[in-house]
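Enquirer: To get the numbering used here, take the position in the sequence shown, counting from 1, and add 11. Here a beta-carbon is modelled for each residue, glycine too, at the ideal position from N, C-alpha and C. The structure presented is a predicted model; accordingly, all values stated were derived computationally and were not measured.
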Amino acid sequence: MSDWIDFDRWNECVQMERPGFVFEVKNAEGQSLFTPCGQPLQSPWDWMSGPVQFRLVKETKPRHSEPLPKPRL
Numbered sequence: 012m013s014d015w016i017d018f019d020r021w022n023e024c025v026q027m028e029r030p031g032f033v034f035e036v037k038n039a040e041g042q043s044l045f046t047p048c049g050q051p052l053q054s055p056w057d058w059m060s061g062p063v064q065f066r067l068v069k070e071t072k073p074r075h076s077e078p079l080p081k082p083r084l
């Protein structure tokens with residue numbers, strides 16, 4: 012993981028992008044969002060404050076969910 016960067020520099024995320032990595036964006040309340048670089052950043056609807064920091068982190072491998080149970084009759 013890289014060090015936290017002030018969100019004022021988000022427009023530089025294009026130069027920081029690397030395969031297998033995503034950005035972790037954090038707001039003032041400490042909520043996090045994992046996202047690719049996008050201009051402008053689409054903050055989640057439930058964030059009460061805007062983003063304040065971001066960093067580059069290794070993307071986690073996707074995992075399969077459990078199969079759905081059969082319906083009860």
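Classify D17 as helix, strand or coil using the three-state DSSP reduction.
Expert: Strand, per DSSP.
Enquirer: How big is the Cα-Cα spacing for G31 and R83?
Expert: Whole-angstrom Cα-Cα distance: 41 Å.
Enquirer: If we count the other Cβ atoms within 10 Å of its Cβ and call it buried at 16 or more, is V36 buried or exposed?
Expert: Buried: at least 16 other Cβ atoms inside 10 Å.
Enquirer: DSSP three-state label for Q26, please.
Expert: It is helical.
Enquirer: Rounded to a whole number of angstroms, what is the C-alpha to C-alpha distance between S43 and E77?
Expert: Straight-line Cα distance between these residues: approximately 25 Å.
Enquirer: Let me confirm a value: F34 is counted as buried when at least 16 other C-beta atoms fall within 10 Å, else exposed. Which label applies?
Expert: Label assigned to F34: buried.
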